[in-house]
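According to the working numbering, the residues represented by the sequence shown are 715 to 771, in order.
For glycine and all other residues, C-beta sits at the position ideal for the given N, C-alpha and C.
Below is one structure, written out as structure tokens; the observations come after it.
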Amino acid sequence: MIPKDPVMLLSFVNLKLRDFYSDLETLCDDLDISQEEITEKLAGIDYHYDREKNQFI
Numbered sequence: 715m716i717p718k719d720p721v722m723l724l725s726f727v728n729l730k731l732r733d734f735y736s737d738l739e740t741l742c743d744d745l746d747i748s749q750e751e752i753t754e755k756l757a758g759i760d761y762h763y764d765r766e767k768n769q770f771i
């Protein structure tokens with residue numbers, strides 16, 4: 715289960731990307747969550763995935 719609150723989601727996703735996953739697609743596949751849903755929610759608080767840094771900035 716992923717956090718519903720966008721700020722908590724940001725923290726959760728960036729932690730997972732930093733510690734466990736090499737990219738967003740792998741994280742989403744492994745946790746069976748929608749990449750589109752995550753990117754849209756985080757775009758709503760002006761965070762976007764940076765593939766080079768492997769985090770939302």
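- Looking at the DSSP output, Y763 shares a beta bridge with F770.
- The distance from the Cβ of F726 to that of P717 is about 5 angstroms, consistent with a contact at the 8 angstroms cut-off.
- DSSP, read as helix, strand or coil, puts P720 in helix.
- Around the Cβ of I759, a 10 Å sphere holds fewer than 16 other Cβ atoms; the residue is exposed.
- In the three-state scheme derived from DSSP, where H, G and I count as helix and E and B as strand, F726 is classed as helix.
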